[in-house]
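Undergrad: Below is a structure I'd like to ask you about.
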Amino acid sequence: MNCRNIEQLLPLYVEGDLGADENSSVNVHLHSCAACRGISEEYRRSQDLLRLHTPPEFDAAFYAGIRRAVLGEISDAEVARPVFASFLPNLFRAPLTYAASGALLLIVGALAFGIYYSSTTVDRPVSGSTAASNVSTEETGASPKTDQPPDAPAPVIIPQRKSPESHATKYAKAAHSSPPQRPREVLTEQATPQVTAPHIEAADVSVANVMTALTEASDVSDPDSASAEVANAGLTESAPEMLRIELQTSDPNIRIIWLSPKKTDLTTNSTK
Amino acid sequence: MPGEAADIAHMTEHLPRGGEHTEELRESFASLVSRAKAGDTAAFEQIMICTQHRVARVAWRMLGNTEDARDATQEVFLRTFKYLRRFDPAQDFHGWLYRITVNVCRDMARQRRRHDGESASSLEAGRTPDELNARADTNEAEAAVVLAQRRAIVARALDTLPEKERAAIVLRDLEGLSTEEVARALGSSPATVRSQISTARAKIKTYCERFLKRRRQV
């Protein structure tokens, strides 16, 4: 090693911070180099000076004052802290707690949905659309067979949808802002086309099916099969001059109400 | 209890640092720490009694005057209490405390620089080495003045160091920690600490030699 290398090691050498190999190399060099030995002495002197940097002797009152101030601030902070602040940080610390909170929220959400769903299905007729249709038929005294005009619409059986959240159902739910009791009330009141129109428009898919079925039913030659299907539809004469036909789908939220002038072609006056 | 804390404080001050503490002392101190972690302020007061000398000494060496050292020591213990729950008992408590002390002193030095717009620390006596040199000519107690002068030179030399180099030299050369302990306290690597120590010693030597030569000429 030359002097330049040794000089770089001297700051660490003077306090014994070098490894064994470097330390012995410096020792060998200093033995033969007076200049580096002089620099090494300068480092020793400055390190001795550095050790003079000692604080004054702090008395007991100095430390007691610090402790008093610290404990005072701690007690002040404890008093000022709200009660819930002491357990909130611990409550949200464990990851398990996060998972438990999430699970709890899911359970509560599922229960709320279940309660809501069961409340909507409580008022559903036992036999679905048939019971409601029979009631309305008895109330009006109308016979589906006899009061039916020659080109009366055939009863419609709307295919049952397994999914409760199908397209038509969603629209029907949006249209029905009132609870499910609402359709039953509609059966007994004097309905007007203005009131019922949104229902029909909302269930656009069902209406399309109805229209198709009506058209086909008008050509049906077998009156028995047609009358059997009429049993599934409610026929209500809501006004002297208006014929009201209500079709209850398997979904209690969807009811198709048909208003038409008597003795007219239903297919031409249908509301879409 | 204050007597027990004083015994622990005496032992911690006079025994070698690091892993050379006796098992009994370590258990006693660990017990204090666990109680303090649980919110026992009396136990925390015992910890303060055990460590206050060390903290105040480092703070004074970092900041250079008693007033700032008092404020820094107070802040160190407040932070220690605040973050005690996060302390891992497997860690060395004193190393953790050194780290808090160095951080508090850095923060205070920065605040002071912003307020004063000058060097981070000020000399305890408020005199420059030249002022002390002038007094030495007229003072009979020359030896005392020379000592004070040398201390002032060292304080000024330390003032010229960057914060990290100053912290490294204070912990290594004045507090006597090993390079690895200093690295842990400063949150850096031993190689970095060695480099910082080497640079700091060279700067201090240059600064001291310059003033000592000037004094010899006078």
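Going down the list, the sequences are from chains P and V. Per my numbering, the first sequence starts with residue 1, numbered consecutively. Per my numbering, the second sequence starts with residue 1001, numbered consecutively. Positions of the beta carbon are idealized from the N, C-alpha and C atoms, including for glycine.
Which residues of chain P have a Cβ atom closer than 8 Å to the Cβ of Phe1081(V), listed in chain order?
TA: Stepping through the second sequence from its first residue, residue 1081(V) is reached at position 81. Residues of chain P passing the Cβ test: Val70, Ile74.
Undergrad: Are the C-beta of Val79(P) and some C-beta of chain V separated by less than 9 Å?
TA: In the first sequence, residue 79(P) corresponds to position 79, counting from 1. For Val79(P), the answer is no, since every Cβ of chain V falls outside 9 Å of its Cβ.
Undergrad: Is Ala1030(V) near Leu1084(V), with beta carbons less than 9 Å apart?
TA: Translated into the one-based positions of the second sequence, residue 1030(V) becomes position 30. Translated into the one-based positions of the second sequence, residue 1084(V) becomes position 84. Not closer than 9 Å, so no.
Undergrad: Helix or strand or just coil, what does DSSP make of Met1(P)?
TA: Indexing the first sequence from 1 puts residue 1(P) at position 1. Correct three-state label for Met1(P): coil.
Undergrad: Would you verify that the beta carbon of Leu1070(V) is, or is not, closer than 9 Å to some beta carbon of chain P?
TA: Taking the second sequence and counting its residues from 1, one reaches residue 1070(V) at position 70. Going by the sequence as given, residue 1070(V) is Arg instead of Leu. Chain P, which has a Cβ nearer than 9 Å to the Cβ of Arg1070(V), makes this yes.
Undergrad: Out of Arg1054(V), Ala1090(V), Arg1110(V), which one is the CA nearest neighbour of Arg1026(V)?
TA: Here residue 1026(V) refers to the residue found at position 26 of the second sequence. Closest by alpha carbon: Ala1090(V).
Undergrad: Output, in chain order, the set of chain P residues within a Cβ distance shorter than 9 Å of Leu1158(V).
TA: By one-based count along the second sequence, residue 1158(V) stands at place 158. The answer, in chain order, is Leu50, His53.
Undergrad: Alpha carbon to alpha carbon, what distance is there between Arg1110(V) and Arg1166(V)?
TA: Against the second sequence, residue 1166(V) aligns to sequence position 166. Against the second sequence, residue 1110(V) aligns to sequence position 110. Cα to Cα, Arg1166(V) sits roughly 14 Å from Arg1110(V).
Undergrad: Taking buried to mean at least 16 other C-beta atoms within 10 Å of its own C-beta, is Phe1211(V) buried or exposed?
TA: Position 211 of the second sequence, counting from 1, holds the residue named residue 1211(V). Under this definition Phe1211(V) is a buried residue.
Undergrad: To be precise: take each residue of the region 1187 to 1208 of chain V, compare its Cβ to all Cβ atoms of chain P, and keep it if any distance is under 9 Å. Which residues remain?
TA: Of all residues in the region 1187 to 1208 of chain V, Arg1194, Ile1197, Ser1198, Thr1199, Ala1200, Arg1201, Ala1202, Ile1204, Lys1205, Thr1206, Tyr1207, Cys1208 have a Cβ within less than 9 Å of some Cβ in chain P.
Undergrad: Counting only beta-carbon atoms, is Arg1054(V) nearer than 9 Å to chain P?
TA: Here the question's residue 1054(V) lines up with position 54 in the second sequence. Arg1054(V) does not count as touching chain P.
Undergrad: Would Thr1179(V) pass as a contact of Ile1204(V) if the rule is Cβ separation under 9 Å?
TA: Counting from one through the second sequence, the residue named residue 1179(V) turns up at place 179. Counting from one through the second sequence, the residue named residue 1204(V) turns up at place 204. Their beta carbons are not under 9 Å apart, which means Thr1179(V) does not touch Ile1204(V) by this criterion.
Undergrad: Determine contact between the region 66 to 73 of chain P and the region 37 to 57 of chain P, defined as no fewer than three beta-carbon pairs at a distance below 8 Å.
TA: No, they do not touch.
Undergrad: Between Val14(P) and chain V, is there a C-beta pair that is closer than 9 Å?
TA: Residue numbering aside, residue 14(P) sits at position 14 when the first sequence is read from its first letter. Closer than 9 Å to some Cβ of chain V, the Cβ of Val14(P) qualifies, so yes.
Undergrad: On the criterion of 16 or more Cβ atoms from any shown chain inside 10 Å, does His1094(V) qualify as buried, or is it exposed?
TA: Here residue 1094(V) refers to the residue found at position 94 when the second sequence is read from its first residue. Under this definition His1094(V) is a buried residue.
Undergrad: Just to confirm, is the Cβ distance from Thr1066(V) to Pro11(P) under 9 Å?
TA: Locating residue 1066(V) in the second sequence gives position 66, counting from the first residue. Locating residue 11(P) in the first sequence gives position 11, counting from the first residue. Not a contact, by the Cβ cut-off of 9 Å.
Undergrad: Using a cut-off of 8 Å between C-beta atoms, extract the partners of Arg1112(V) located in chain P.
TA: Walking along the second sequence from the start, residue 1112(V) turns up at place 112. Those within 8 Å of Arg1112(V) in chain P number zero; the least Cβ separation is about 18 Å.
Undergrad: For a minimum of 4 consecutive residues, which ranges assigned as the alpha helix (DSSP H) are wholly contained in the region 1155 to 1183 of chain V?
TA: List check, alpha helix (DSSP H) in window: 1163 to 1169.
Undergrad: Since Glu246(P) is in the beta strand (DSSP E), which residue starts that stretch and which ends it?
TA: Residue mapping note: residue 246(P) aligns to position 246 of the first sequence, counting from 1. 242 to 248 is the extent of the beta strand (DSSP E) around Glu246(P).
Undergrad: Between the region 1068 to 1085 of chain V and the region 1102 to 1109 of chain V, are three or more C-beta pairs nearer than 8 Å?
TA: Contact holds: three or more Cβ-Cβ distances are below 8 Å.
Undergrad: Cβ closer than 9 Å: which chain P residues qualify as neighbours of Arg1048(V)?
TA: Position 48 of the second sequence, counting from 1, holds the residue named residue 1048(V). Checking the displayed sequence, the identity of residue 1048(V) turns out to be Met instead of Arg. Per Cβ cutoff of 9 Å: Tyr63, Ile66, Arg67, Val70, Leu71.
Undergrad: Hey, how far is the Cα of Ala1202(V) from the Cα of Thr1022(V)?
TA: Within the second sequence, the letter at position 202 stands for residue 1202(V). Within the second sequence, the letter at position 22 stands for residue 1022(V). Going from the Cα of Ala1202(V) to the Cα of Thr1022(V) covers about 37 Å.
Undergrad: Tell me the residue span of the alpha helix (DSSP H) that contains Arg1086(V).
TA: For the purposes of this step, residue 1086(V) is taken as residue 86 along the second sequence, with counting starting at 1. Counting along the chain, Arg1086(V) falls outside any alpha helix (DSSP H), and DSSP gives it neither H nor E.
Undergrad: Cα-Cα, which of Arg1099(V), Leu1158(V), Pro1190(V), Met1048(V) is closest to Leu1063(V)?
TA: Working through the second sequence from its first residue, we reach residue 1063(V) at position 63. The shortest C-alpha separation from Leu1063(V) is found at Leu1158(V).
Undergrad: Does Ile1153(V) have its Cβ less than 9 Å from a Cβ in chain P?
TA: As a working mapping, residue 1153(V) is identified with position 153 in the second sequence. Judged by the 9 Å Cβ criterion, Ile1153(V) is in contact with chain P.
Undergrad: Can you tell which of Ile245(P), Glu15(P), Gly16(P) has the C-alpha that lies nearest to the C-alpha of Pro261(P)?
TA: Here the question's residue 261(P) lines up with position 261 in the first sequence. Nearest C-alpha to Pro261(P): Ile245(P).
Undergrad: List, in chain order, every chain V residue whose beta-carbon is nearer than 9 Å to that of Glu22(P).
TA: As a working note, residue 22(P) is residue 22 in the first sequence. In chain order: nothing, as chain V lies at least about 11 Å away.
Undergrad: Is it right to say Ile107(P) is buried, meaning 16 or more other beta carbons lie within 10 angstroms of its own, or is it exposed?
TA: Along the first sequence, read from residue 1 onward, the residue named residue 107(P) stands at position 107. Exposed is the call here.
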